[in-house]
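Visitor: Residue numbers are given in the numbering used here: position 243 of the sequence shown equals residue 246, and the series is strictly consecutive.
No residue lacks a Cβ here, since even glycine has one placed at the ideal position from N, Cα and C.
The structure under discussion is supplied below as structure tokens; questions concerning it will follow.
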Amino acid sequence: MGIVNVTPDSFSDGGKFVHQEDLAEQVVQLLEDGADCIDIGGESTRPFAASVSLEEELRRTIPAVQLVRSLTDKPISIDTTKAEVARQALDAGADIINDISALRGDPHMAGIAADSGCPVILMHMQGTPQNMQLQPKYNDVIDEINTFFHEQIAEVQGKGVELQQIILDPGLGFGKLPEHNAAILRNIKRFRVHGCPLLIGHSRKSFFDHLFHIPLEERDWPTAIVSLLCAQRQVDYVRVHDVAKTRLALEMLEQF
């Protein structure tokens, strides 16, 4: 999944793709680099980010979805916690709902997912973007995420979402300390118990700095290395900013 943030304040690429010409150029580059899916987000979910109104998120995302759909027939993912944004994005050509709240943030989101039958990404997050990194704490991070997944899968199934629609994301950096992120990556296969595909979103995350002292502008190759590890550990989807480096790492894995 190639990331496109149409936001002014995302931690890595905020403000770069708010104009249609820049967005089109970036999407074309991601596709040429080998992206299988484009993930569009209109609200920053970095730690302590301010929330945006429904109207503003729609203003940012719907034209972006329409533009990307005009450029490719590959799947488009809408990264949102708002049901109305998801509904309008699906109408505009999106194919996947990527919800960091795991359909908990808006009481109407599960209905949108159920009615559309589209794939939906359920992510684990301790807290909210505004407070998730204040004091993350777990007794056993893998067990607690798996308990959350078990409960939330049952919850959304009760609202009409089918198991085969669900993709699980353990939420690296969302209410996690660096050691929690490392534990998740070491134990990815333990999330297979739910019978759902797995997604990892590790691209350019701050744990690269905390664990290895790698600044933001140098994190694309480390991201590609983690993508390779994810592939070896049977992850189905990786969500990255620099598709070319991850694609090269995966091609080397296939060759060697």
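When the Cα atoms are used, what is the spatial distance from Ser47 to Thr131?
Guide: As a first step, residue 47 is located in the sequence shown; it is residue number 44 there, counting from the start. As a first step, residue 131 is located in the sequence shown; it is residue number 128 there, counting from the start. Looking at the two C-alpha atoms, the distance is approximately 12 Å.
Visitor: Under a three-way DSSP split, which group does Ala104 fall into?
Guide: Numbered from its first residue, the sequence shown carries residue 104 at position 101. The residue asked about is misnamed: residue 104 is Ser in this sequence, not Ala. In the structure shown, Ser104 sits in coil (DSSP, three-state: anything other than H, G, I, E or B).
Visitor: Please state the DSSP three-state secondary structure of Asp172.
Guide: For this step, residue 172 is matched to residue 169 along the sequence shown. The answer is strand: DSSP assigns Asp172 an E or B state.
Visitor: Less than 7 Å separating the beta-carbons of Met135 and Asp172?
Guide: Working through the sequence shown from its first residue, we reach residue 135 at position 132. Working through the sequence shown from its first residue, we reach residue 172 at position 169. Not closer than 7 Å, so no.
Visitor: With a floor of 4 residues, list each alpha helix (DSSP H) that falls wholly inside the stretch 210-238, ordered by position along the chain.
Guide: DSSP runs (the alpha helix (DSSP H)) wholly in the stretch 210-238: 210-215 and 223-235.
Visitor: Checking the sheet assignment: what are the DSSP bridge partners for Met126?
Guide: Translated into positions along the sequence shown, residue 126 becomes position 123. Beta-bridge pairing links Met126 to Asp172.
Visitor: Three Cβ pairs or more, each shorter than 8 Å: is that satisfied between the stretch 138-148 and the stretch 116-125?
Guide: The answer is no - the stretch 116-125 does not touch the stretch 138-148, with fewer than three Cβ pairs under 8 Å.
Visitor: According to DSSP, simplified to helix, strand and coil, what is Ser73?
Guide: As a working mapping, residue 73 is identified with position 70 in the sequence shown. In this structure, Ser73 counts as helix in the three-state DSSP scheme.
Visitor: Quick check: the stretch 155-164 against the stretch 203-214, are at least 3 beta-carbon pairs closer than 8 Å?
Guide: No contact exists between the stretch 203-214 and the stretch 155-164.
Visitor: From Phe194 to Leu201, what does the alpha carbon distance come to, in whole angstroms?
Guide: On the sequence shown, position 191 is the one that residue 194 refers to. On the sequence shown, position 198 is the one that residue 201 refers to. Straight-line Cα distance between these residues: approximately 8 Å.
Visitor: Which one of Arg250, His153, Ala227 and Glu35 has the shortest CA to CA distance from Leu166?
Guide: Translated into positions along the sequence shown, residue 166 becomes position 163. Of Arg250, His153, Ala227 and Glu35, the residue nearest in Cα terms is His153.
Visitor: Mapping DSSP to helix, strand and coil, what is Asp82?
Guide: For this step, residue 82 is matched to residue 79 along the sequence shown. Here Asp82 sits in strand by DSSP.
Visitor: If distances are taken between C-alpha atoms only, which option among His111, Thr75, Arg107 and Asp109 comes closest to Ala97?
Guide: Position 94 of the sequence shown holds residue 97. If we check each option's Cα against that of Ala97, Thr75 comes out closest.
Visitor: By Cβ distance below 6 Å, which residues in the same chain neighbour Ile139 in space, the five residues on each side in sequence not counted?
Guide: Start at 1 with the first residue of the sequence shown, and residue 139 comes out as number 136. The sequence given here has Pro at residue 139, not Ile. Counting only Cβ-Cβ distances below 6 Å, and skipping sequence neighbours, we find Gln129, Gly178, Lys179 and Leu180.
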